[in-house]
Amino acid sequence: MAADIDWQACWERLEVDAPDARAALVETCELFRVPAGEPIISQDALDDSVYLLLSGQLRVGVLARSGQDVWVSHLEAGALFGEMAILTGQPRTTEITASQDSIVARYTGGDFLALMSKHGGIGVALSRMLAARMHATTRRMFELSALSTTGRIYAELLRISRPTSQGDTRIIQPVPSFTEIGDRVTAARETVSRTVKRLADRGLIERHDDRIELIDPEQLSRLEDTM
39 MAADIDWQAC WERLEVDAPD ARAALVETCE LFRVPAGEPI ISQDALDDSV YLLLSGQLRV
99 GVLARSGQDV WVSHLEAGAL FGEMAILTGQ PRTTEITASQ DSIVARYTGG DFLALMSKHG
159 GIGVALSRML AARMHATTRR MFELSALSTT GRIYAELLRI SRPTSQGDTR IIQPVPSFTE
219 IGDRVTAARE TVSRTVKRLA DRGLIERHDD RIELIDPEQL SRLEDTM
């Protein structure tokens, strides 16, 4: 299995350039495939493994006492996760599940601490990733308190889009379900559906079978702040 694994997304995301650090990350891990819908980390578990997502996509959630599964974030190829257990010594605080068929590299807590001690670039990469997550969390907290539901949907569409080669347009591909977008911004699926339809009617987006094109991202950004 190891021979056909592409680590490039991890190197780009982690910005680990040293050949010896890269080799150590490859040689120390255990690789495994995770089918869509299967859990990788269980909330309240006591293990301390650290993971790298090599391909696929994961959903991060928190299970409330009521049984509700509250969306927290999603992880894409190159993401490092599970590190809080070795940094705090506490049980897992989230439930992480494969939302697509995924390939994951697993490190024991002890092995990953040793890697950080020996290769400073790995520790720096972890620090960058933690800072990025804090920034994203702060932004979402602001949106939740300062923006309307419609404004939060606009913000999420901009966040999950990427630039295209055609001028100033942006594209969302693959397109999350309206339920998933609603989970991310605390909105009902029907509200997301109506909002997307209104944007399409105004010519700000175009919907296709496999993608959504943001025709005027700047206008959408301005609308976000007024909602």
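My numbering numbers the first residue of the sequence shown as 39 and each following residue consecutively. A virtual CB, placed ideally from N, CA and C, is assigned to each residue, including glycine.
query	result
Residue 58 to residue 142, Cα distance in whole Å?	21 Å
Note down the Cα distance separating residue 134 from residue 148, rounded to an integer number of angstroms.	21 Å
Out of 162, 254, 198, 203, which has the shortest C-alpha to C-alpha gap to residue 215?	198
Between which residues of its own chain and residue 101 is the CB-CB distance below 8 Å, once the five residues before and five after are set aside?	81, 107, 108, 133
Can you tell me whether residue 124 is helix, strand or coil according to DSSP?	helix
Between the region 235 to 253 and the region 160 to 171, do at least 3 Cβ pairs fall closer than 8 Å?	no
Short check: CB of residue 209 to CB of residue 262, under 8 Å?	no
Is residue 269 helix, strand or coil when you go by DSSP?	Missing from the structure shown is residue 269; the chain here goes from 39 to 265 and no further.
Per DSSP, residue 145 is paired with what?	88
With DSSP run on the structure shown, which of helix, strand or coil describes residue 227?	helix
In whole angstroms, give me the CA-to-CA distance for residue 72 and residue 248.	24 Å
Check whether the region 108 to 119 touches the region 77 to 97, taking contact to mean three or more Cβ pairs, one atom from each stretch, closer than 8 Å.	yes
Once the 5 residues before and after residue 84 are set aside, which same chain residues still bring their CB inside 6 Å of it?	129
For residue 99, write down the residues that DSSP places opposite it in a beta bridge.	109, 133
Over the uninterrupted alpha helix (DSSP H) stretch that includes residue 50, give me the two end residues.	46 to 52
Can you give me the Cβ contacts of residue 51 inside the same chain, cut-off strictly under 6 Å, excluding the 5 residues immediately before and after it?	116
Go through its chain and collect everything with a Cβ distance to residue 190's Cβ below 6 Å, but skip five positions before and after it.	181, 223
Between the alpha carbons of residue 253 and residue 220, how many angstroms are there, rounded?	22 Å
With respect to the beta strand (DSSP E) encompassing residue 72, which residues constitute its N-terminal and C-terminal limits?	68 to 72
Helix, strand or coil for residue 209? Go by DSSP, reduced to three states.	strand
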